[in-house]
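To start, the structure itself, in structure tokens.
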Amino acid sequence: LTIKGMEGGYYIAPTLITGIKQSSRVMQEEIFGPVVCMMPFDTEEEAIMLANDSQYGLGSSVFTQDKSKLERVMRQLNTGSVWGNSWMSWDDNMPFGGMGCSGTTREHGPWSLEFYTETKALYTLVSR
């Protein structure tokens, strides 16, 4: 992909990857770019298992017209952010961060204060 005025940069056109195995590198690692990997599944349980079969967990999206299924599946995904019937809608008052190798801290809102805080416990024996 060449963008006028930015020749020589590293750009990739939006890409859809299909026909791959769950164990493939593109399914097991985070790709920061306009790339979507799609894999068929037969049951809701299999879809959840496939989605959670990674050491990374930054974000995920669930698309369905069934509202009860949407909430049920969203709650079972091991990612820091889960979008329902959307992608990358944002609210700076909500926590942002990943799970697993995608990180354990949260940014934005009151959750970010913990990132900058070191707690200390002080124990003192007071004589009677």
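Reading the sequence shown from the start, the letters are residues 1 to 128 in my numbering. Built from N, CA and C at the ideal position, the CB exists for glycine as well. Quick caveat, the model's predicted, so the values are computed rather than measured.
For residue i, report the span of its alpha helix (DSSP H) as first-last.
i	result
Ile48	Glu44 to Asn52
Gln28	Arg25 to Gln28
How is the beta strand (DSSP E) around residue i delimited, first residue to last?
i	result
Leu70	Per DSSP, Leu70 belongs to no beta strand (DSSP E); it is in the alpha helix (DSSP H), Lys67 to Gln76.
Ser61	Gly59 to Val62
Trp83	Ser81 to Gly84
Can you check DSSP and say which residues form a bridge with residue i?
i	result
Met17	At residue 17 the sequence reads Ile, which differs from the Met that was named. In the DSSP output, where bridge partners are listed per residue, Ile17 has Cys37.
Tyr123	BP columns for Tyr123 are empty, so no partner.
Met99	Gly57
Here's the rule I'm using: 16 or more other beta-carbon atoms within 10 Å means buried, otherwise exposed. How should residue i be labelled?
i	result
Val62	buried
Ala51	buried
Thr79	buried
Phe41	exposed
Leu125	exposed
From the beta carbon of residue i, is the nearest beta carbon of chain B less than 8 Å away?
i	result
Arg25	Of the protein chains in the structure, only one exists, and it is not chain B.
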